[in-house]
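Peer 1: Pasting a structure here, questions to come.
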Amino acid sequence: MIRVDEATVVLGIESSCDETAAAVVMGGNDVLSSVVATQIEQHARFGGVVPEIASRAHVEAMTPVIRKAIQDSGVGFERIDAVAATVGPGLVGALLVGVSTAKSIALALNKPFIGVNHLEAHLYAALLDDPHVEFPMLVVLVSGGNTLLVNMESHGKYSIVGQTIDDAAGEAFDKVARFLGLGHPGGPAIDREAKLGNAQAIEFPRAMLHDGFDVSFSGLKTAVVNYVRKYPSISTQDVAASFQTAVVDVLVAKSVKAAQHIGAKTIALGGGVAANSLLRQQMTAMCAQHGWRLVLPSMAMCTDNAAMIASAGWYRLLQDGPSELSMGAMPNLKLTDRTNA
Amino acid sequence: MIILGIDTATDAVSVALHDGDVVLASSEIRSDRQHAEALTPMIDFVCKQASVELWDVGGIAVDIGPGLFTGMRVGIASAQAIAQVIDVSIIPVTSLDILAAAVQTTNEVIASVVDARRGEVYWSLYRMSDGKLKQVGKPQIGSPEMCAVDVLDRGQSTLLVGTGALKHETEFRERLNPVLPALEFADDKYSMPLASTLVEIAHERALRGEWVLVDEVVPMYLRAPDAEINWATRSAQ
Ligand SMILES: [Zn+2]
Chain A
15 MIRVDEATVV
25 LGIESSCDET
35 AAAVVMGGND
45 VLSSVVATQI
55 EQHARFGGVV
65 PEIASRAHVE
75 AMTPVIRKAI
85 QDSGVGFERI
95 DAVAATVGPG
105 LVGALLVGVS
115 TAKSIALALN
125 KPFIGVNHLE
135 AHLYAALLDD
145 PHVEFPMLVV
155 LVSGGNTLLV
165 NMESHGKYSI
175 VGQTIDDAAG
185 EAFDKVARFL
195 GLGHPGGPAI
205 DREAKLGNAQ
215 AIEFPRAMLH
225 DGFDVSFSGL
235 KTAVVNYVRK
245 YPSISTQDVA
255 ASFQTAVVDV
265 LVAKSVKAAQ
275 HIGAKTIALG
285 GGVAANSLLR
295 QQMTAMCAQH
305 GWRLVLPSMA
315 MCTDNAAMIA
325 SAGWYRLLQD
335 GPSELSMGAM
345 PNLKLTDRTN
355 A
Chain B
3 MIILGIDTAT
13 DAVSVALHDG
23 DVVLASSEIR
33 SDRQHAEALT
43 PMIDFVCKQA
53 SVELWDVGGI
63 AVDIGPGLFT
73 GMRVGIASAQ
83 AIAQVIDVSI
93 IPVTSLDILA
103 AAVQTTNEVI
113 ASVVDARRGE
123 VYWSLYRMSD
133 GKLKQVGKPQ
143 IGSPEMCAVD
153 VLDRGQSTLL
163 VGTGALKHET
173 EFRERLNPVL
183 PALEFADDKY
193 SMPLASTLVE
203 IAHERALRGE
213 WVLVDEVVPM
223 YLRAPDAEIN
233 WATRSAQ
């Protein structure tokens with residue numbers, strides 16, 4: 015039996031998409047180091063992440079990224095108690111680089127390997143700075159690939175309350191940013207432009223605001239496109255501000271409904287869109303109004319990183335024990351799927 | 003010195019340990035896309051078979067391709083990870099070198115030919131002189147026709163080895179049989195590079211000091227990612 019406690023040091027490795035990352039985390043939330051090498055520039059001219067280019071870049075970056083994470087942590091390999099890696103969801107070829115690396119390090123150190131669900135890790139990103147939360151917790155996971163309202167009943171126990179029926183929130187940001195000529199990645203670009211615009215300028219639709227817990231952003235994106243085609247002289251800043259407000263309004267309203275539904279004590283944000291300044295601001299105001307505790311991830315922990323992988327790995331090890339060395343990549347893993355099945 | 007060899011560049015996954023004299027232990031499977039699942043437990047198994055701790059290993063040899071991109075990366079990433087932890091250097095060997103070294107022949111030329119899919123092959127030619135193998139020219143990618151032309155240029159009796167050779171055997175025979183003094187195809191059991199041969203090559207190279215640092219291992223892809231090929235084609239128009 016492996017002892018897992020506050021002194022247990024986990025090396026985390028992330029390679030599911032276009033960031034190669036490694037981090038050393040002690041006791042589940044004490045981040046000793048976190049190194050992220052992004053490939054954004056390598057994919058920029060293709061307008062999206064190219065899987066084969068991502069896989070090649072992961073192999074190139076992995077060794078130096080791990081070396082830096084170990085150096086920055088102030089502890090050596092000999093102090094690592096377990097090695098965690100994202101096994102899914104993500105790009106299969108990209109995942110395999112991190113999984114193979116992590117399993118090999120675990121074998122060489124004769125320490126356990128832990129296969130981590132990337133979506134679960136995003137939930138833990140918010141808890142890195144604030145681990146002692148009260149359950150049930152509503153986690154609003156908003157990224158380029160996901161928009162999930164998750165009921166986290168306890169560590170490792172999740173059910174999905176609501177989700178997008180079409181585009182993810184981050185995807186809507188990216189598509190609208192591209193349409194407005196603001197470049198990639200779209201989230202920060204819209205956020206920046208919106209600060210200079212009038213959020214009340216255009217009344218964009220808030221789809222499905224009053225029914226159920228699911229959300230939809232594809233109609234909103236179409237409305238933006240139609241509006242700008244109709245009024246080409248409209249200020250880009252006003253469009254960005256009005257669009258962003260519509261997205262945030264929907265996310266906040268659905269969060270209220272979902273939190274009430276599950277009797278949440280805490281609300282946490284996760285994923286790349288959790289870095290959006292308006293969303294952070296509105297969620298803060300809403301939680302204050304309802305008396306819910308809000309947990310916000312630091313800006314660096316919103317996007318893909320390995321500290322959240324190491325953290326989730328620590329909790330997984332505590333609850334389920336290690337994963338088999340015969341584990342491979344699970345590109346289509348869902349939040350509610352167990353990796354140690 | 004003990005060398006750990008890892009080969010996942012084709013459908014085969016194999017691991018071997020060499021102590022400077024002999025192969026201590028080896029294992030292999032034909033896995034077809036289960037490289038990552040098979041490799042780590044296999045390294046563990048082979049070490050246990052030979053009663054070797056990974057910390058006793060003095061160097062790691064890895065097949066850097068050409069071959070299956072995903073498979074190659076599983077082996078390279080694993081080799082780099084272990085080498086980084088136990089702080090040793092790496093001996094990179096191409097799949098083509100391993101294929102050629104595994105076959106004994108009286109022919110003057112060996113052509114290692116690996117299936118590259120999409121109707122193409124990776125190949126390299128080797129010359130036998132005084133029982134020693136010498137690489138002739140650089141590893142290439144192209145149609146079997148282009149490979150055949152390269153073989154014909156030498157005009158000598160030739161042994162073809164590898165998955166690409168067997169897959170396109172008919173075509174090679176039609177092109178080469180009428181012209182070359184002798185033409186042979188190595189048996190299917192030699193068609194995939196294996197770690198047991200890799201460690202033999204690596205042992206010789208280790209003696210010659212042909213090590214690279216962990217960060218200096220470069221996969222031999224020979225083919226650019228599709229997105230870059232398409233991009234280049236579009237830009238050229
Ligand atoms: Zn992510």
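So the protein sequences, as listed, match chains A and B.
Read left to right, the first sequence gives residues 15 to 355 (this note's numbering).
Read left to right, the second sequence gives residues 3 to 239 (this note's numbering).
We put the CB at the ideal spot given by N, CA and C, even for glycine.
Here the structure is a predicted model, which is why all the values come from computation and not from measurement.
#1: Our contact map puts B/S159 next to B/P183 with C-beta atoms below 8 Å; I'd like the distance itself, whole angstroms only.
#2: So with CB distances below 7 Å, who are the chain B contacts of A/T34?
#3: Where does A/L46 fall in DSSP's three states?
#4: How about A/S87 and A/S29: do their beta carbons lie closer than 9 Å?
#5: How long is the line joining the alpha carbons of A/M313 and A/L142, rounded to whole angstroms?
#6: In the stretch 102 to 126 of chain A, which residues sit with their C-beta less than 7 Å from some C-beta in chain B, listed in chain order?
#7: What are the residues in the stretch 110 to 143 of chain B lying within 7 Å of chain A by C-beta distance?
#8: Going by other Cβ atoms of all chains shown within 10 Å of its Cβ, with 16 needed for buried, is B/L215 buried or exposed?
#9: What number of angstroms, rounded off, separates the C-alpha of B/L70 from the C-alpha of B/A14?
#10: Hey, does B/R75 have any beta-carbon neighbour from chain A nearer than 9 Å?
#11: Below 9 Å between beta carbons: does that hold for A/T34 and A/A99?
#12: Kindly list, in the order they appear in chain B, the residues whose Cβ is closer than 7 Å to that of A/A343.
#13: Ligand 1 heavy atoms versus the CB of A/S30: any closer than 8 Å?
#14: Name the one or two DSSP bridge partners that A/G129 has.
#15: Would you check whether ligand 1 has a heavy atom nearer than 8 Å to the C-beta of A/G285?
#16: Cβ of B/Y124 within 9 Å of Cβ of B/I143?
#17: So, helix, strand or coil for A/T34, using DSSP?
#18: On the three-pair Cβ rule with 8 Å, is the stretch 212 to 224 of chain A touching the stretch 243 to 262 of chain A?
#19: Threshold first: 4 residues or longer. Then list the alpha helix (DSSP H) segments lying entirely within the stretch 187 to 241 of chain A, N to C.
#20: Please report whether the beta-carbon of B/S80 lies at a distance below 9 Å from any beta-carbon of chain A.
#21: Excluding sequence positions up to five away, which residues of its chain have a Cβ less than 6 Å from the Cβ of A/V106?
#22: Between A/C100 and chain B, is any beta-carbon pair separated by less than 9 Å?
#23: Under 9 Å, CB to CB, which of the residues in the stretch 39 to 50 of chain B have a partner in chain A?
#24: Can you tell me whether B/I78 is helix, strand or coil according to DSSP?
#25: Under 6 Å Cβ to Cβ from A/K279, same chain only, skipping five residues before and after it: list those, please.
#26: Check whether the Cβ of B/A229 lies closer than 9 Å to any Cβ atom in chain A.
#27: Return the residue from the list A/Q303, A/S157 and A/P65 that minimises the CA-CA distance to A/G285.
#28: Do A/D86 and ligand 1 come close, with the Cβ less than 8 Å from some heavy atom?
#29: Mind pulling the alpha helix (DSSP H) runs of 4 or more residues that sit fully within the stretch 302 to 351 of chain A?
#30: Should the stretch 162 to 169 of chain A be regarded as contacting the stretch 47 to 59 of chain A, the criterion being three or more beta carbon pairs within less than 8 Å?
#31: Rounding to the nearest angstrom, what Cα-Cα distance links A/M40 and A/E20 in this structure?
#32: Would you verify that the beta carbon of A/L347 is, or is not, closer than 9 Å to some beta carbon of chain B?
#33: From B/T207 to B/L19, what distance separates their C-alpha atoms?
#34: Which term fits A/A183, buried or exposed, when burial requires 16 or more other beta carbons within 10 angstroms of its beta carbon?
#35: Using 9 Å as the threshold, is the C-beta distance between A/F218 and A/T178 below it?
#36: State the DSSP-derived secondary structure class of A/Q177, mapped to helix, strand or coil.
Peer 2: Taking the definition as stated:
#1: About 5 Å separates the two Cβ atoms, so the contact holds.
#2: Per Cβ cutoff of 7 Å: no residues; A/T34 is ~11 Å from chain B at best.
#3: Looking at A/L46 - three-state DSSP - the assignment turns out to be strand.
#4: No, the Cβ-Cβ distance between A/S87 and A/S29 is not below 9 Å.
#5: Approximately 12 Å between the Cα atoms of the pair.
#6: When C-beta distances to chain B are compared with 7 Å, the residues of the stretch 102 to 126 of chain A below that value are G107, L110, V111, V113, S114, T115, K117, S118, I119, L121, A122 and L123, in chain order.
#7: Considering only beta carbons, no part of the stretch 110 to 143 of chain B lies closer than 7 Å to chain A.
#8: By the neighbour-count definition (other C-beta atoms within 10 Å, threshold 16), B/L215 is an exposed residue.
#9: If I take the Cα positions, the gap works out to 10 Å.
#10: Taking Cβ atoms only, chain A reaches closer than 9 Å to B/R75, which makes this a yes.
#11: Not in contact: A/T34 and A/A99 (Cβ atoms no closer than 9 Å).
#12: A38, listed in chain order.
#13: Checking every heavy atom of ligand 1 against the Cβ of A/S30, one is found closer than 8 Å.
#14: Within the DSSP bridge table, the entry for A/G129 names A/A99 as partners.
#15: Taken from the Cβ of A/G285, at least one heavy atom of ligand 1 lies inside 8 Å.
#16: In this structure, B/I143 lies closer than 9 Å to B/Y124 by Cβ.
#17: In the displayed model, A/T34 falls within a strand according to three-state DSSP.
#18: By the Cβ test, the stretch 212 to 224 of chain A is in contact with the stretch 243 to 262 of chain A, since at least three Cβ pairs between them sit closer than 8 Å.
#19: Runs of the alpha helix (DSSP H) inside the stretch 187 to 241 of chain A: 200 to 208.
#20: Contacts with chain A at 9 Å (Cβ-Cβ) include B/S80.
#21: Closer than 6 Å at the Cβ level, and outside the excluded window around A/V106, lie A343 and P345.
#22: Here residue 100 of chain A is Thr; the residue named in the question, Cys, does not match the sequence. Closer than 9 Å: no.
#23: Only E39, A40, L41, T42, P43, I45, D46 and C49 from the stretch 39 to 50 of chain B bring a Cβ to less than 9 Å from some Cβ of chain A.
#24: Three-state DSSP puts B/I78 in a helix.
#25: Closer than 6 Å at Cβ, skipping near neighbours: E148.
#26: The beta-carbon of B/A229 is placed less than 9 Å from the nearest beta-carbon of chain A.
#27: A/G285 has its Cα closest to that of A/S157, out of A/Q303, A/S157 and A/P65.
#28: Incorrect: A/D86 has no Cβ contact closer than 8 Å to ligand 1.
#29: If we require 4 residues or more, the alpha helix (DSSP H) runs fully inside the stretch 302 to 351 of chain A come out as 313 to 316 and 321 to 334.
#30: The count of Cβ pairs closer than 8 Å, one atom from the stretch 162 to 169 of chain A and one from the stretch 47 to 59 of chain A, stays below three, leaving the stretches out of contact.
#31: Taking the straight line from one Cα to the other gives about 7 Å.
#32: Answer no: the Cβ-Cβ gap between A/L347 and chain B never drops below 9 Å.
#33: The residue you asked about is not Thr; residue 207 of chain B is Arg in the sequence shown. Within the model, the alpha-carbon separation for B/R207 versus B/L19 is close to 15 Å.
#34: Counting every other CB atom within 10 Å of its CB across the protein chains shown gives A/A183 a total of 16 or more, marking it as buried.
#35: Contact flag unset, no.
#36: The answer is strand: DSSP assigns A/Q177 an E or B state.
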